[in-house]
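**Student:**
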Amino acid sequence: MTFNRKARLAGNIEAIRTAFALDREHRVPTVEERQALERYCGFGGLKCILNPAGSLADAAQWTKSDLDLFAPTADLHRLIRENSANERTYKRYMDSLKSSVLTAFYTPAEITETISSVLKENGIAPLRVLEPSAGRGAFVDAFLKDNPQAEVMAFEKDLLTGKILSHLYPEQRVRIEGFEQIEKPFEGYFDVAVSNVPFGDVAVFDAQFEKGSAVHRAAAKKIHDYFCLKTLDTVRDGGIVALLVPQGVLNADSNSAVRRLMLIQADLLSAVRMPNNLFTENAGTEAGCDLLVLQKHVGKKELSEDEKLLAEPAEDNRDTIPANAYFLRYPDCIVRTEEKRSTDLYGKPAMVYLHEGGVEGIARDLRGILSQDIQMRLDLQRYGQDVKTEEKTQREPVQRASVQNILSSPVQAQVVERKDASSETVRENQSQQAGSPSPMLTLFDLWEFTVAEQKQTATGEKQKRDKSEKTKTKPKAKEKTAKSKPKERSLFDAAPKKSEANDLYAELDWETNPPINGFYEVMMDMAPEQRARALQVGRQDMQMDKDAIVSRERAEDTPTLVPSKEEMLVPRVLTQKLQPHYKEGTLVEEYSLDYGNQIGVLKNLTPYGAVFSPLDLPLLLKEKAQAYIHVRDTYEKLYAYEAE
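Here the sequence shown is numbered in numbering that gives the first Met the number 0, starting from 0 and rising by one per residue.
(1) Work out the CA separation of Lys162 and Arg91 for me, nearest whole Å.
(2) Report back the beta-carbon spacing between Leu604 and Lys582 to the nearest angstrom; my notes put them in contact at under 8 angstroms.
(3) Using the C-alpha atoms, what's the distance from Leu302 back to Ala256?
(4) Please classify Pro197 as buried or exposed, where buried requires at least 16 neighbouring CB atoms within 10 angstroms.
(5) Among Gln294, Ala349 and Asp145, which has the Cα closest to the Cα of Glu338?
(6) Measuring alpha carbon to alpha carbon, tell me which of Val561, Leu55 and Ser64 ends up nearest Ala70.
(7) Classify Pro617 as buried or exposed, calling it buried when 16 or more other Cβ atoms lie within 10 Å of its own Cβ.
(8) Run through the DSSP bridge pairs and tell me what Val663 is partnered with.
(9) Have a look at Val358 and Leu159 and give me their C-alpha separation to the nearest angstrom.
(10) DSSP on Pro617, reduced to helix/strand/coil?
(11) Skipping 5 residues on each side, what residues in its chain have a beta carbon closer than 8 angstroms to that of Thr72?
(12) Provide the residue(s) that pair with Gly608 in DSSP beta bridges, ordered along the chain.
(13) Of all the options Ala642, Lys636, Val244 and Lys307, which has the alpha carbon lying nearest to the alpha carbon of Ile263?
(14) Give the range of the alpha helix (DSSP H) segment to which Tyr89 is assigned.
(15) Assuming contact is defined by CB atoms lying nearer than 8 angstroms, are Asn41 and Arg135 in contact in what I supplied?
(16) Beta-carbon within less than 6 angstroms of Pro436's beta-carbon, same chain only, minus the 5 sequence neighbours each way: which residues are those?
(17) Going by C-alpha distance, which of Leu78, Ser98 and Ser99 is nearest Tyr89?
(18) Give a yes or no on whether the C-beta atoms belonging to Val234 and Phe178 are separated by under 8 angstroms.
(19) What is the residue span of the beta strand (DSSP E) that Thr342 lies within?
(20) For Asn3, is the classification buried or exposed, using 16 other Cβ atoms within 10 angstroms of its Cβ as the cut-off for buried?
(21) Hey, would you say Ala265 sits closer than 8 angstroms to Leu293, going by beta carbons?
(22) Name the one or two DSSP bridge partners that Pro184 has.
(23) Just grab the DSSP bridge partners of Ile12 for me.
(24) Using the Cα positions of Ala108 and Ala137, report the straight-line distance between them to the nearest angstrom.
(25) Are there 16 or more other CB atoms within 10 angstroms of the CB of His223, so buried, or fewer, so exposed?
(26) Need the endpoints of the alpha helix (DSSP H) that Tyr325 sits in, please.
(27) Would you mind reading off the limits of the alpha helix (DSSP H) that contains Val139?
(28) Using DSSP bridges, identify the partner residues of Val701.
(29) Identify every residue that forms a DSSP beta bridge with Met273.
(30) Could you tell me the alpha carbon to alpha carbon distance between Gly122 and Leu228, rounded to whole angstroms?
(31) CB-CB under 7 angstroms to Glu112, same chain, minus the five flanking residues each way: which ones, in chain order?
(32) Under the rule that 16 or more other beta-carbon atoms within 10 Å means buried, what is Ser64, buried or exposed?
(33) With distance defined between alpha-carbon atoms, name the residue in Leu619, Ala322, Val203 and Arg363 nearest to Lys347.
(34) Determine the DSSP secondary structure at Asn250, reduced to helix, strand or coil.
(35) Helix, strand or coil: how does DSSP classify Gly237 here?
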């Protein structure tokens with residue numbers, strides 16, 4: 000099937016229109032809308048969008064071969080402008096699309112499905128998958144079909160492509176930004192990383208690479224080399240990396256150091272040279288690429304013979320055409336039905352490989368080579384060593400809208416294990432102290448409040464007496480007192496012990512002892528027997544309160560219920576919502592039922608959560624920090640509000 004530029008452009012425009020509509024209406028796509036989104040193929044090979052199309056006069060600048068694409072290109076500009084908040088946003092969208100023209104060659108679904116299915120057939124069932132350059136999500140779709148339990152993090156730098164990707168996979172972690180933005184906590188985190196990496200002499204700024212070795216600094220100057228090394232960093236020991244890379248990664252003598260650095264960190268599973276017509280149907284271009292499949296091997300000592308062939312320059316290549324010694328030794332690892340001497344995209348001499356079977360034929364031959372290599376070289380035991388641990392811990396969610404797990408760091412694993420081990424103790428402690436905002440000693444304990452007084456203060460039941468009530472209540476009370484004095488005693492009345500109980504309330508100075516919620520009046524209206532019973536009930540309640548206090552004190556004396564200082568300083572997952580101004584090392588206040596309010600700093604910050612590392616501060620410094628945090632957060636919110 001030939002590449003129909005007009006049909007592809009129309010499909011892209013419809014997909015973008017659908018994505019904008021879904022954004023406005025804040026909903027998931029219907030079946031028909033999802034099909035429209037899936038027809039998006041990117042703008043690789045559609046150089047027409049580089050031409051001006053703002054008015055009919057711009058058509059004069061178009062070549063005759065591209066003129067039939069002027070109208071749909073003008074529609075594209077109009078669509079993006081209508082859905083942009085301002086001119087600046089419109090320009091960002093268009094610049095983003097134009098920058099992808101030379102690199103957005105999307106992998107055919109037949110190839111991505113072949114790679115995913117071969118890995119699954121050999122026991123690779125990942126729980127965490129990374130796609131560092133996702134495009135429309137061909138690899139994401141393939142791996143989710145074979146591994147529906149997997150959680151995917153997908154990066155896509157192009158703004159509109161990322162928008163489409165996020166609507167296709169709303170339940171996954173889609174990040175519309177460059178792969179270099181991935182955070183340190185995700186190093187050694189993923190089970191599988193798979194991608195068709197971008198290529199070119201585009202430099203990438205990464206602070207870690209700038210501080211790294213000379214090889215790292217050199218790799219950051221070429222985006223394809225950078226992706227190879229950075230992707231390998233994100234995979235755990237035993238994890239799998241499968242990358243489609245430009246042929247220059249394996250052919251260029253200058254890339255020997257990068258290849259060696261990759262292979263000293265991972266074992267070679269397979270290397271397959273793909274035909275130049277792989278992207279012809281999707282992008283209308285002939286660009287050679289290689290499939291490189293590696294297994295991360297931490298602590299690797301030396302390279303195998305095959306890995307040395309792949310890493311070192313092709314010394315026995317008598318031809319002037321760039322080649323790799325591995326493919327000279329194993330020509331069967333080249334997928335092709337035809338080969339010829341020609342030139343590459345840049346006009347340099349190169350071997351061109353073609354496959355007359357189209358994408359289906361390429362996928363069929365790829366399956367044969369890939370299956371044989373992986374069956375022979377895969378260390379399934381090394382891959383599975385972390386899977387068993389993951390199945391036991393089953394990473395806790397940290398809110399769906401945010402990162403579900405930041406448990407890749409050892410610190411996080413400790414916190415989860417500690418909470419799991421003491422979960423029963425924590426529940427018991429919480430049930431005993433329900434209604435109290437803090438399970439630790441409070442000011443109530445300092446001033447020796449009883450349990451009843453604590454409850455009264457916590458629930459806010461204490462009534463504040465109004466001055467107006469005082470003036471109204473006083474005469475009324477005197478009236479009742481006057482009426483109660485002439486009461487004569489019956490023979491059946493109980494004899495008073497020392498003095499008439501009513502005298503206590505009748506002789507009170509109301510100014511010094513004002514009425515408390517009608518208590519005195521009620522007591523004066525009660526018969527002595529009723530007061531005796533009330534007194535008995537009150538004493539029983541007091542005894543129950545004392546028993547409760549003793550029970551609480553015993554519980555507090557139990558070592559397992561009061562966290563030690565060491566436990567209180569153990570870093571844990573941050574539970575509060577991340578604020579836009581939070582950075583690595585930001586000072587924050589965190590509350591938990593286990594430890595109360597604590598001051599600490601943020602570590603391992605990602606868009607999905609962070610680690611809270613408590614600080615051991617004296618009371619005065621803690622109060623100052625709390626005041627500072629309150630002022631800072633208020634200022635940041637006000638600034639953001641004003642900026643909007």
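All C-beta atoms, glycine included, are put in the ideal place defined by N, C-alpha and C.
**Tutor:** From the atom records:
(1) 13 angstroms
(2) 7 angstroms
(3) 13 angstroms
(4) buried
(5) Ala349
(6) Selection Val561, Leu55 and Ser64 evaluated against Ala70 yields Leu55 as nearest (Cα-Cα).
(7) exposed
(8) Given a span of 0 to 643 for the chain in the structure shown, any question on residue 663 remains unanswerable.
(9) 27 angstroms
(10) coil
(11) Leu8, Cys47, Ile48, Asn50 and Ala52
(12) According to DSSP, which records beta bridges pairwise, Gly608 is partnered with Thr605.
(13) Lys307
(14) Glu86 to Ser98
(15) The amino acid at residue 41 is misidentified as Asn; the sequence shows Gly. Yes; because the gap between Cβ atoms is below 8 angstroms, this pair is in contact.
(16) Since pLDDT at Pro436 reaches only 43, below the 50 mark, its modelled position is unreliable, and no value is offered.
(17) Leu78
(18) no
(19) Glu337 to Thr342
(20) exposed
(21) Taking 8 angstroms as the Cβ cut-off, Ala265 and Leu293 qualify as a contacting pair.
(22) Its beta-bridge partners do not exist; DSSP assigns none.
(23) In DSSP, Ile12 forms no bridge with anything.
(24) 6 angstroms
(25) buried
(26) Here the alpha helix (DSSP H) through Tyr325 covers Ala324 to Arg328.
(27) Ala137 to Asp145
(28) Only positions 0 to 643 of the chain appear in this structure, which leaves residue 701 out of reach.
(29) Cys288
(30) 25 angstroms
(31) Ala141
(32) Classification for Ser64: exposed.
(33) Ala322
(34) helix
(35) strand
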